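Trainee:
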Amino acid sequence: MKINWNWGTKLFIAIVLFMSLIIGFVIFSFNNDVNLVEKDYYPKGQEYQQRLNEIKNASFKRDFFKIQQLAEVVTLNCPDLQADTASIYFFRPSDTKLDRIFDISSGDTSYTFSNSGFKRGKYLLKVYWNSNNVGYYFERDFFFE
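The numbers in the numbering used here rise by one with no breaks, and the one at position 122 of the sequence shown is 107.
Written out as structure tokens, the structure reads:
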């Protein structure tokens, strides 16, 4: 039996192939994970002026934090930290499941973290602290080997 390849048959085949491509793209899109930088990015965006003020408050303390990576641990030294509350946030831009947050107590000047919970790659070290009701914020790129 000979297939008649007139313009109608070719158009039908083209439409079926195009629809299959679109359906495949939709299925792929729904199965793909989307990692947002922040889950609640809109309220965080509205608080951005407060974040800029905290960065300005911490700008004179650029070399305040010393980070040292050893074989098994990461040590963060901050000799003159006088904080009421503080937290250290290791932010992984590529995967939110790898983020780590540590609350630190006041009075400590050295903090040690085990490398076991971190995967190799780039992290953003974010440090938040309050002292005498003044907020401070500091961030630095950090690469786990």
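C-beta: ideal position from N, C-alpha, C; glycine also.
It should be emphasised that the depicted structure is a prediction, and the values quoted were computed from it without experimental measurement.
1. Helix or strand or just coil, what does DSSP make of S72?
2. Using the rule of at least 16 other Cβ atoms within 10 Å of the residue's Cβ for burial, across every protein chain shown, is F123 buried or exposed?
3. Taking N118 as the reference, give the member of A68, Y74 and F103 with the closest Cα.
4. Determine the DSSP secondary structure at L66, reduced to helix, strand or coil.
5. Near F128, what residues of its chain come up, given a Cβ to Cβ distance below 8 Å and the 5 sequence neighbours on each side ignored?
6. Evaluate Y113 with the Cβ neighbour count: other Cβ atoms within 10 Å of its Cβ, from every protein chain shown; 16 or more gives buried, anything less gives exposed.
7. First and last residue of the beta strand (DSSP E) that includes T97?
8. Quick check on DSSP: helix, strand or coil for K(-13)?
9. If you draw a straight line from the alpha carbon of Y121 to that of L2, how long is it in whole angstroms?
10. How long is the line joining the alpha carbons of L83 and T(-6), rounded to whole angstroms?
11. Return the CA-CA distance between K41 and G102, expressed in angstroms with no decimal places.
Mentor: Reading from the atomic positions:
1. strand
2. buried
3. A68
4. coil
5. G106, K107 and Y108
6. buried
7. S95 to S99
8. coil
9. 57 Å
10. 52 Å
11. 32 Å
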